[in-house]
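What follows is a single structure, written as structure tokens, with notes after it.
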Amino acid sequence: MRQIIIRDIVVDDRSVDYTIIDQHTPLSLDDFVKACGQPYDWVVALVEHSILEKPNSQPEQWYFMGEEVARARRAWRLQRDFDANLSAVAVMLDLLD
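Last residue of the sequence shown: number 363 in the numbering used here, and the count goes up by one each step with no gaps.
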């Protein structure tokens, strides 16, 4: 995974590490889960609800592009803010796109 790491940025009197991911870099499922900051099962559910495209048949072989991290994070915010299930989130994302 190609990445740029910026360290020791101070935000609200605490040090924060950021990882910037190139949007055209393919991410394995494990890397994608880490980038999203959500559980493995949640990412699999996004694929099952067609929020993210299913790249291959086996989850161990799934790869996502870096730009899909933004879509997954948007899905999480919609789910959190509106207390929506993933079916509703899929519809909301389709309307927003």
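Even glycine gets a Cβ: it sits at the ideal position worked out from N, Cα and C.
Hey, could you find the ends of the alpha helix (DSSP H) L373 is sitting in?
Residue numbering for the chain in the displayed model covers 267 to 363; residue 373 lies beyond these limits and cannot be assessed.
Close-in-space but distant-in-sequence residues of the same chain around M358 (CB under 8 Å, 5 per side omitted):
L344, F348, A350
To which residues of the same chain is R316 closer than 7 Å at the C-beta, ignoring the five residues directly before and after it?
The identity of residue 316 in the sequence shown is Ser, whereas the question assumes Arg. If we look at S316 and ignore the five residues flanking it on each side, its Cβ neighbours are A356.
In three-state terms, what does DSSP make of L293?
strand
With a 10 Å radius around its C-beta and 16 neighbouring C-beta atoms as the bar for buried, classify G332 as buried or exposed.
buried
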